[in-house]
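Peer 1: Just dropping this structure here.
Numbering (the working numbering), first residue to last: 57 to 489.
Set out below in structure tokens:
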């Protein structure tokens, strides 16, 4: 079953082909949406809109220029926000990233980050992440270890300013390392979706941990079913504790040709291990599931922006006693075909947001769709139709016993015990009007 958004977020000001929704991030009540083609100061200089439900602020750097693509990537953590500007400055197109700090409720630009070895079209800022006083910036076209091997840069704040601490590269030969990045505490995750180690463009992801002030590679991750041209590592995210990772493989054929897949990994005493492979129910060719991934606690949102003849959508997964289970499909109420709903995804608490950068009109102005996960899924709503009634009782009875083999949803397991049983039936009865 599927649900629609509780709110549609739209770009403000002189709206054109903004691509609002190209990137998205959430932290608590704060939502940040990137629009890299917005004309705030110059043509396609880009912007990031930050809202918490009450206040709205549109950010652009002071030194931004035409075609900078500010907002290509974005992340937010507490009172800090970072956004990438992959073409700044236009003359050299090396890229930049900008950090904003909230002071008295107002977001103020604090620093511009650059790669000291930046070269033409490195795409520094293609991916960004921030946690506390540490920021990570990807440059997936950097020629650090060879043509488009890619690189990632770690910056830290010392109380006075931001400075480069380390440039990351993998122990193995990489291709487009830094296309996706995330950080949680003392753990950094970097995607390298064109790695050829497990087949041409099969992809990979790399875990780095902090030890004695130095970031060292701890593991190289690859999906159990990853093969050539899967692009594993296209999207990555860590949970807040840095012990779980969700990694997208946008062109995986495991469910249908180029339908995509996502993989959940967990850290343990022996290192990192895959605990789940996620594919959507009713997978379709060229669905591009795993184009965006986000995890918060026991929930994950996965974007699948689809092909031009589809508007795109997202999926909500939940970790249960029986494993990660697909809970519901996230759909927009008004998206046109080719809107790319799910190009970006973020989840925080009981809300999720999906970016749709090519939604219109006007053409490709973009939108973002906010989903209220609590309101959308009443307790006891086994069949996920938004109501608790006799149909849910029938659903529980039809699903009696052990949950089916994943990834099939087991929504009738209301208390997430791994079995559908009397306690689940009682939970439905308790919620019936």
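The C-beta atom is built at its ideal place from N, Cα and C for all residues, glycine as well.
Values in this document were obtained by computation on a predicted structure and should not be read as measured data.
Nearest to residue 137 by alpha carbon, out of 154, 222 and 337?
Peer 2: For residue 137, the nearest C-alpha among the options comes from 154.
Peer 1: Counting only the same chain and skipping the five closest in sequence on each side, list residues whose C-beta sits under 8 angstroms from that of residue 461.
Peer 2: With a pLDDT of only 49 at residue 461, under 50, the local geometry of the prediction cannot be trusted, and no value is derived from it.
Peer 1: Is it buried or exposed for residue 277, if we count other Cβ within 10 angstroms and need 16 for buried?
Peer 2: When all chains shown are included, residue 277 counts as buried.
Peer 1: Put residue 483 into one of helix, strand or coil per three-state DSSP.
Peer 2: Correct three-state label for residue 483: helix.
Peer 1: Counting only the same chain and skipping the five closest in sequence on each side, list residues whose C-beta sits under 7 angstroms from that of residue 323.
Peer 2: Taken in chain order, the residues that qualify are 299.
Peer 1: Am I right that residue 426 and residue 65 are in contact with their C-beta atoms under 8 angstroms? What's the rounded C-beta distance?
Peer 2: Contact holds; Cβ gap of about 6 angstroms.
Peer 1: Any chance the region 327-342 sits against the region 299-316, with 3 or more Cβ pairs inside 8 angstroms?
Peer 2: The answer is yes - the region 299-316 touches the region 327-342, with three or more Cβ pairs under 8 angstroms.
Peer 1: Which of the three DSSP states, helix, strand or coil, is assigned to residue 254?
Peer 2: Three-state result, residue 254: coil.
Peer 1: What does DSSP give as the partner residue(s) for residue 385 in the beta ladder?
Peer 2: In the DSSP output, where bridge partners are listed per residue, residue 385 has 58 and 371.
Peer 1: With the cut-off set at 9 angstroms, would you say residue 255 and residue 247 are in Cβ contact?
Peer 2: Result no, Cβ atoms of residue 255 and residue 247 do not sit closer than 9 angstroms.
Peer 1: What's the C-alpha gap between residue 125 and residue 385?
Peer 2: Those two C-alpha atoms are separated by around 31 angstroms.
Peer 1: Decide if the region 446-460 is in contact with the region 468-488; the criterion is three or more beta carbon pairs, one per stretch, under 8 angstroms apart.
Peer 2: Judged by Cβ distances under 8 angstroms, the region 446-460 makes contact with the region 468-488, as three or more pairs qualify.
Peer 1: To the nearest angstrom, report how far apart residue 478 and residue 438 are at their CA atoms.
Peer 2: The alpha-carbon atoms of residue 478 and residue 438 are separated by roughly 14 angstroms.
Peer 1: Counting only runs of 3+ residues fully inside the region 254-289, write out the beta strand (DSSP E) ranges in chain order.
Peer 2: Taking only runs of at least 3 residues, the beta strand (DSSP E) segments lying wholly in the region 254-289 are 260-267 and 270-277.
Peer 1: Per DSSP, which one or two residues make a beta bridge with residue 89?
Peer 2: Its beta-bridge partners are 80 and 105.
Peer 1: Quick one: using the 10 Å Cβ neighbour count with 16 as the cut-off for buried, is residue 134 buried or exposed?
Peer 2: The residue is exposed, with fewer than 16 neighbouring Cβ atoms inside 10 Å.
Peer 1: Which of the three DSSP states, helix, strand or coil, is assigned to residue 454?
Peer 2: Correct three-state label for residue 454: helix.
Peer 1: Pick out whichever of 382, 168, 366 and 403 has its Cα sitting closest to the Cα of residue 41.
Peer 2: In the structure as shown, the chain begins at 57 and stops at 489. Residue 41 is therefore absent and cannot be evaluated.
Peer 1: What is the DSSP secondary structure of residue 462, counted as helix, strand or coil?
Peer 2: Because residue 462 sits at a pLDDT of 44, beneath the cut-off of 50, its placement in the model cannot be relied upon, and the following sentence gives the value as read from the coordinates. The answer is coil: DSSP assigns residue 462 none of H, G, I, E or B.
Peer 1: Please go through the same chain and pick out, in chain order, the residues whose beta-carbon is closer than 7 angstroms to the beta-carbon of residue 172, but skip the five residues on each side of it.
Peer 2: These residues qualify, in order along the chain: 220.
Peer 1: Residue 435: buried (16+ other C-beta within 10 angstroms of its C-beta) or exposed?
Peer 2: Answer is exposed; the Cβ neighbour count stays below 16.
Peer 1: Assuming residue 90 and residue 104 make a contact with CB atoms under 8 angstroms, what is their CB distance in whole Å?
Peer 2: So it is a contact: roughly 5 angstroms between Cβ atoms.
Peer 1: Looking at C-beta atoms only, is the number of pairs between the region 413-420 and the region 94-101 that lie closer than 8 angstroms three or more?
Peer 2: No, the region 413-420 does not touch the region 94-101.
Peer 1: Report yes if the C-beta distance between residue 349 and residue 318 is below 9 angstroms; otherwise report no.
Peer 2: In contact: residue 349 and residue 318 (Cβ atoms closer than 9 angstroms).
Peer 1: Whole angstroms are fine: how far does the CA of residue 303 sit from the CA of residue 356?
Peer 2: Their backbone Cα atoms lie some 11 angstroms apart in a straight line.
Peer 1: Looking at C-alpha atoms only, which residue of 285, 293 and 421 is the closest neighbour of residue 187?
Peer 2: Nearest option by C-alpha distance: 293.
Peer 1: Take residue 81 and list the residues in its own chain whose beta-carbon comes closer than 7 angstroms to its own, dropping the five residues that flank it on each side.
Peer 2: Hits under 7 angstroms: 88, 130, 131, 132 and 402.
Peer 1: Of all the alpha helix (DSSP H) runs that stay within the bounds of the region 180-247, which reach a length of 4 or more residues?
Peer 2: The region 180-247 contains no whole alpha helix (DSSP H) run of 4 or more residues.
Peer 1: Whole angstroms is fine: what's the gap from residue 211's alpha carbon to residue 177's?
Peer 2: Approximately 21 angstroms between the Cα atoms of the pair.
Peer 1: Since I believe residue 336 is in contact with residue 382 (beta carbons under 8 angstroms), could you give me their beta-carbon distance rounded to a whole number of angstroms?
Peer 2: The Cβ separation is near 7 angstroms, so the contact holds.
Peer 1: For residue 163, which residues in the same chain have their Cβ closer than 7 angstroms to its Cβ, ignoring the five residues on either side in sequence?
Peer 2: Excluding positions up to five away in sequence, the list reads 106, 113, 115, 137 and 156.
Peer 1: Under a Cβ-count criterion, where at least 16 other Cβ atoms within 10 Å of its own Cβ denotes burial, should residue 467 be classed as buried or exposed?
Peer 2: Burial call: buried.
Peer 1: With 16 other CB atoms within 10 Å as the buried threshold, where does residue 372 fall?
Peer 2: So residue 372 counts as buried.
Peer 1: Suppose contacts are defined by Cβ-Cβ distances below 9 angstroms. Is residue 320 in contact with residue 301 by that definition?
Peer 2: Contact: yes.
Peer 1: Note down, in chain order, each residue of its chain lying with its Cβ closer than 8 angstroms to the Cβ of residue 146, except the 5 sequence neighbours on either side.
Peer 2: 121, 122, 123 and 124.
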